[in-house]
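Only one structure is covered here, and it is reproduced in the block below.
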Amino acid sequence: MGFSKLKIPRICEHCSKPFEAKTVTTRFCNISCANKAGKERKKSEKEQKEKETLLKKYSNKIAEVQTREFISVAEAKVMYGISKDTLHRLIKRGIITSFNLSKRLTRVRRSDLDAMFTEVKVPHQREKVREGKEFEVESCYTLSEVSQKYNANPSTVSSVIRKNNIPKKKIGSFVYVPKKQIDEIFDNK
Ligand SMILES: [Zn+2]
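Position one of the sequence shown corresponds to residue 4 (my numbering), numbered consecutively onward.
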């Protein structure tokens with residue numbers, strides 16, 4: 004029977020040694036390699052499972068964090084991939100609101116971070132462009148510029164803006180208002 008003499012050259016999947024396989028489905032050179040390979044597969048399956056459990060735990064954590072308005076610096080680091088130094092810089096510049104529970108426990112406002120990062124990610128381009136034009140720095144005053152130009156004290160400026168529903172936008176530590184609308188109102192006073 005020519006059939007039984009068939010030998011298939013193979014490389015053992017465990018020890019990488021060449022051997023002659025008796026059937027097309029043989030993957031290991033001997034029983035010991037087959038056993039070791041089986042054990043390793045079980046081990047890696049277990050590791051994979053542990054990884055998945057961790058991931059699940061982690062995603063639950065993120066879901067929980069997303070319901071809170073204030074999050075820790077460490078959480079912000081994980082969620083937004085932002086470094087601690089960058090975060091502290093943004094806090095210092097007034098772009099992100101924060102408060103300290105204690106000297107070492109800073110909490111930051113999640114919606115500030117959302118606003119910063121969604122601006123890049125979310126494709127609401129049409130609205131953004133329109134809003135962007137309105138608030139281009141050249142076509143805006145800061146509140147103190149309004150005070151100076153119209154010789155009005157800051158509280159008057161604020162109340163006029165409020166009463167007239169003038170849109171304003173905070174960028175960093177400055178609040179911007181559209182020149183056109185401000186001029187229309189103050190020129191008539
Ligand atoms: Zn082997």
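Cβ coordinates follow ideal geometry from the N, Cα and C atoms, glycine included. The model shown is predicted, which means the values in this text are computed figures rather than measured ones.
CA-to-CA distance, residue j to residue i, given in whole angstroms
| i | j | result |
| --- | --- | --- |
| residue 84 | residue 111 | 14 Å |
| residue 156 | residue 163 | 11 Å |
| residue 103 | residue 91 | 12 Å |
| residue 66 | residue 86 | 21 Å |
| residue 174 | residue 46 | 53 Å |
| residue 167 | residue 182 | 14 Å |
| residue 101 | residue 56 | 33 Å |
| residue 147 | residue 171 | 13 Å |
| residue 78 | residue 188 | 45 Å |
| residue 141 | residue 180 | 11 Å |
| residue 131 | residue 138 | Annotation note: pLDDT 45 at residue 131 (below 50); position unreliable, no value reported. |
| residue 116 | residue 74 | 10 Å |
| residue 33 | residue 50 | 26 Å |
| residue 60 | residue 95 | 33 Å |
| residue 22 | residue 80 | 52 Å |
Spatial neighbours of residue i in its chain, beta-carbon cut-off 7 Å, leaving aside the 5 residues before and after
| i | result |
| --- | --- |
| residue 37 | 31 |
| residue 184 | 169 |
| residue 150 | 156, 157, 160 |
Per-residue DSSP class, three states only, for residue i
| i | result |
| --- | --- |
| residue 164 | helix |
| residue 191 | coil |
| residue 156 | coil |
| residue 36 | helix |
| residue 138 | coil |
| residue 87 | helix |
| residue 110 | strand |
| residue 105 | strand |
| residue 74 | strand |
| residue 145 | strand |
| residue 176 | coil |
Identified DSSP bridge partners for residue i
| i | result |
| --- | --- |
| residue 23 | 12 |
| residue 31 | Answer is none; residue 31 lacks a bridge partner. |
Residue i, buried or exposed, once every other Cβ within 10 Å from all chains shown has been counted against 16
| i | result |
| --- | --- |
| residue 16 | exposed |
| residue 108 | exposed |
| residue 14 | exposed |
| residue 113 | buried |
| residue 99 | buried |
| residue 93 | buried |
Beta-carbon contacts of residue i that lie in its chain and below 6 Å, excluding the five residues immediately before and after
| i | result |
| --- | --- |
| residue 177 | 145 |
Cut-off 8 Å between Cβ atoms - residues of its own chain near residue i, not counting five sequence neighbours on either side
| i | result |
| --- | --- |
| residue 1 | An answer regarding residue 1 cannot be provided, because it is not within the stretch 4 to 192 covered by the chain. |
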